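Chains as they are written, first to last, in our numbering: chain A, 1 to 351; chain B, 1001 to 1351.
Quick reminder that beta carbons are idealized off the backbone N, C-alpha and C, glycines included.
Since the model is a prediction, treat every value here as computed from it, not as a measurement.
There are 2 protein chains.
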Amino acid sequence: MRITRPAPAAYRRIATEEAFAPKELIDIYRKILQQKTVDPGFANLMGFYMSSPSERARHIMSCLLDLDEQRIRHMDEAGVDMQVLALTSPGVQIMDRDTAVAFAPLANDLLAEAIARHPTRLAGMIAVAPQDPAAAAKEIERCVSKLGLHAVVINSHTHGEYLSDPKFWDIFEAAEAHDTPIYLHPNAMPASMIGHFLEAGLDGAVYGFGVETGLHALRIITSGALDRFPKLQIILGHMGEALPFWSYRLDYMHAATVRSKRYDAIKPIGRKPSDYLKDNFHITCSGMAWPQAIKFTQDLVGTDRVLYAMDYPYQHAVEEVHALDAMDMPAEVKRAFFQTNAEKLFKIAPL
Amino acid sequence: MRITRPAPAAYRRIATEEAFAPKELIDIYRKILQQKTVDPGFANLMGFYMSSPSERARHIMSCLLDLDEQRIRHMDEAGVDMQVLALTSPGVQIMDRDTAVAFAPLANDLLAEAIARHPTRLAGMIAVAPQDPAAAAKEIERCVSKLGLHAVVINSHTHGEYLSDPKFWDIFEAAEAHDTPIYLHPNAMPASMIGHFLEAGLDGAVYGFGVETGLHALRIITSGALDRFPKLQIILGHMGEALPFWSYRLDYMHAATVRSKRYDAIKPIGRKPSDYLKDNFHITCSGMAWPQAIKFTQDLVGTDRVLYAMDYPYQHAVEEVHALDAMDMPAEVKRAFFQTNAEKLFKIAPL
């Protein structure tokens, strides 16, 4: 199939969930994969991509490692004006605490250097090590003030622990104070959850990622964290991991569960779960380049909270840009979707 | 809040995912709950409802046990003309094999007797024990020919096993042969999956049920079972457990996974996952009385495949009937949704 390059548009196309991996990260992953016991989800995810001879795996590795000529060429071919980059999942979160705390600043410095080489084409998110929440909070401050990065990426759980636990809330406090949204990106499912998904080959992007990241977002909502940090903004990819579609049931059953006093963990919170989706979340269409789902989500959370993302290189799909360009949507809404919502959320200077 | 009774409508309101529990079932559950090791999901689900003093739990138990005066009165108050009944989850699937095989016919006989007492108000589904697929197949045949029941209910996994395993396919063969759709209803998550959901109070109807039942449906689709049994019809509640919303990503990532040769379990199948949703599934709105989600799903799978359900008594919500009556939808589509799709699927005689 010949893919024609998308025509120039009346908006900048800013793709907001795009992955990279420095060689130094892959070297650490290789050491982790050689350990006696390896997390099954990680082994099946990066272990697969780093070793499979399949065309898909080799293409992904080649794209992850490049922050210059090939990436910019792929962006040009796809009509993507700017990528907002994140250290690929699981980032530093699969590492031990000391390695993670040491590596996150290196990754952020490498990212800032790439952005400096391509300032109109690349933006990025801050990698942090939730293994040390105080260090993560400091790294957010350093990257905002020294590197000009204005968002944080966290790849869902860290060794089976969730940000709903108050021990992590130094990170929320720093993110709220520095006005850096947190992109809650999928991670491989934790070992204690993955079994029945993995045996069926459904643990990854096809289903398991969404399940686990959706759980994480719900845990944050129901923990009351967003009452404590009311200005915090969380970004979900993959059309909100289906939480917009679930929102009616989330509201009904959360209220019923509170009333039933069934769980210590489900206490009254300030508002309905869907209210937090509307006030504390932004949602990108990574992996869901489907106008129907985009419009459904815009109708729920507002057109100012739904953003474009490609999910390069995991979903390197030029034809999706054509499909989204062709959406039947008012021009100003389409410009918000592709451009201005991202400029505002990630503090990207207009051209 | 005073709830006004819905006005008579131009259609029969047939609710298609309504639960009951004979006293004999509760007696068996009580014995299981007294065993030394109890499945954590079951303990938290029926163990909670059977013992909690909360108003919600006591109301649910009272409603589950009644198949006569109170149930008909609640139906009248809600404007529900007919309930399609299923033995409440997990039905016999939490029992040991011998108990399950023995109890399913008793439950089906009790159900048929209730239907005989209220033939214009109640219809029902066949309970089977997947623990013995051959016995389950025979029970389907018996209930179709002797009791006039024309659908099967299976409460997702059975002791952590899924119908995607060909060892269960006697059940699919019988269901296809007797033209009995299988309602794939949620079960408590298996012990090997529930941990991070349960600790946050999100294992139940609020989220975990949908995750686990959605996984089950995807396992059936990706196993190739629906190529082997192309006329089989599966019913999903809760707006298809969000699979309609996920369908773009399911199609893209299933194809990518097949190409990558990453899993033995993910081999080529006849069509795209969404094609099976459109041809082999019916979807009810139990727990999702939300016009936006109903219309989204109708647009994807067709107005002849989306049906009304209340999910009584877990969602005993008269105000939802008002909301769905008021949907902005062509009269013939609303009649299909409330009435004629159910009459056809469950072989309910028109009045």
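What's the gap between the Cα of residue i and the Cα of residue j?
| i | j | result |
| --- | --- | --- |
| A1127 of chain B | G47 of chain A | 43 angstroms |
| P244 of chain A | Q34 of chain A | 40 angstroms |
| I1294 of chain B | A242 of chain A | 15 angstroms |
| M1 of chain A | T1284 of chain B | Its pLDDT being 49, under 50, M1 of chain A is placed unreliably in this model, and the value from its coordinates should be taken loosely. Straight-line Cα distance between these residues: approximately 39 angstroms. |
| T88 of chain A | M1061 of chain B | 49 angstroms |
| R228 of chain A | L122 of chain A | 33 angstroms |
| A1349 of chain B | L202 of chain A | 40 angstroms |
| Y263 of chain A | S223 of chain A | 12 angstroms |
| A1342 of chain B | A1336 of chain B | 8 angstroms |
| L1184 of chain B | M1288 of chain B | 16 angstroms |
| A1225 of chain B | T120 of chain A | 50 angstroms |
| K138 of chain A | A102 of chain A | 13 angstroms |
| F168 of chain A | K344 of chain A | 26 angstroms |
| Q1292 of chain B | G1210 of chain B | 18 angstroms |
| C1143 of chain B | I1171 of chain B | 14 angstroms |
| D421 of chain A | P53 of chain A | Residue 421 of chain A lies beyond the residue range present for chain A, which begins at 1 and ends at 351; the question has no answer from this structure. |
| A997 of chain B | H1157 of chain B | This structure does not reach residue 997 of chain B, given that chain B is present from 1001 up to 1351, and the question cannot be answered. |
| T1340 of chain B | R1305 of chain B | 10 angstroms |
| A331 of chain A | W1290 of chain B | 29 angstroms |
| I1194 of chain B | E69 of chain A | 46 angstroms |
| C1063 of chain B | M1075 of chain B | 11 angstroms |
| R30 of chain A | R97 of chain A | 17 angstroms |
Considering only the alpha carbon of each residue, which of the options lies closest to residue i?
| i | options | result |
| --- | --- | --- |
| P6 of chain A | A:E319, A:N341, A:A349 | A:E319 |
| D66 of chain A | A:L110, A:P105, A:S164 | A:L110 |
| K272 of chain A | A:F281, A:V152, A:H254 | A:H254 |
| R73 of chain A | A:L345, A:D96, A:P186, A:H316 | A:H316 |
| N1155 of chain B | B:F1296, B:G1214, B:P1291 | B:G1214 |
| L1106 of chain B | B:F1172, B:P1022, B:I1094 | B:P1022 |
| F1197 of chain B | A:A112, A:M189, A:G287, A:A336 | A:M189 |
| H1322 of chain B | B:S1260, B:E1199, B:A1078, B:F1042 | B:A1078 |
| F1346 of chain B | B:A1104, B:L1149, B:V1092, B:I1094 | B:L1149 |
| I28 of chain A | A:I94, A:P40, A:T120, A:E141 | A:I94 |
| A200 of chain A | B:A1112, B:A1129, B:G1160 | B:G1160 |
| F1281 of chain B | B:M1239, B:D1251, B:S1260 | B:M1239 |
| G1091 of chain B | B:P1186, B:L1324, B:M1329 | B:P1186 |
| K261 of chain A | B:M1075, B:R1058, B:K1261, B:V1080 | B:R1058 |
| H216 of chain A | A:L236, A:L232, A:R117, A:S52 | A:L236 |
| Q1131 of chain B | B:D1165, B:L1147, B:E1141 | B:D1165 |
| A191 of chain A | A:F20, A:Q83, A:D304, A:A43 | A:A43 |
| S1286 of chain B | B:Q1083, B:N1108, B:V1258, B:A1104 | B:Q1083 |
| V152 of chain A | A:V258, A:A114, A:L163, A:P181 | A:P181 |
| Q1233 of chain B | B:H1178, B:T1004, B:N1108 | B:H1178 |
| I220 of chain A | A:G208, A:R249, A:K267 | A:K267 |
| D1299 of chain B | B:S1247, B:T1037, B:K1031 | B:S1247 |
| D1325 of chain B | B:F1020, B:D1039, B:V1080 | B:V1080 |
Output yes or no for whether 8 angstroms exceeds the beta carbon distance between residue i and residue j.
| i | j | result |
| --- | --- | --- |
| F980 of chain B | Y1049 of chain B | Lying outside 1001 to 1351, the shown extent of chain B, residue 980 of chain B is not represented and no answer is given. |
| Y314 of chain A | R13 of chain A | no |
| L45 of chain A | G204 of chain A | yes |
| M1125 of chain B | A1100 of chain B | no |
| E55 of chain A | M310 of chain A | no |
| A15 of chain A | Y312 of chain A | yes |
| G302 of chain A | K278 of chain A | yes |
| E1141 of chain B | A1174 of chain B | yes |
Quick one: which chain B residues come within Cβ less than 7 angstroms of residue i?
| i | result |
| --- | --- |
| D66 of chain A | Chain B residues near D66 of chain A: none, gap ~20 angstroms exceeds 7 angstroms. |
| R56 of chain A | A1256, R1259, S1260 |
| M288 of chain A | Y1248, R1249 |
Taking residue i as the query, report the chain A residues whose CB atoms sit under 7 angstroms from its CB, ordered along the chain.
| i | result |
| --- | --- |
| A1200 of chain B | S164, R219, T222, A265 |
| H1238 of chain B | R249 |
| Q1292 of chain B | F296, D299 |
| S1145 of chain B | Within 7 angstroms Cβ-Cβ: nothing; S1145 of chain B doesn't reach chain A, min ~35 angstroms. |
Using a C-beta to C-beta distance shorter than 8 angstroms, which residues of chain B count as neighbours of residue i?
| i | result |
| --- | --- |
| K363 of chain A | Limits of chain A in this structure are 1 at one end and 351 at the other, which puts residue 363 of chain A out of reach. |
| G210 of chain A | W1246, R1249 |
Which residues in chain B sit within 9 angstroms of residue i, going by Cβ to Cβ distance?
| i | result |
| --- | --- |
| L250 of chain A | V1206, Y1207 |
| L215 of chain A | H1196, F1197, A1200, L1202, Y1207, G1208, V1211 |
| F48 of chain A | S1260, R1262 |
| S52 of chain A | S1260, K1261, R1262 |
### Query
Which ranges does the beta strand (DSSP E) cover as unbroken runs of at least 3 residues, wholly within the region 1133 to 1158 of chain B, from first to last along the chain?
1152 to 1154
#### Entry: Continuous beta strand (DSSP E) assignments of at least 3 residues falling wholly in the region 14 to 50 of chain A
14 to 20
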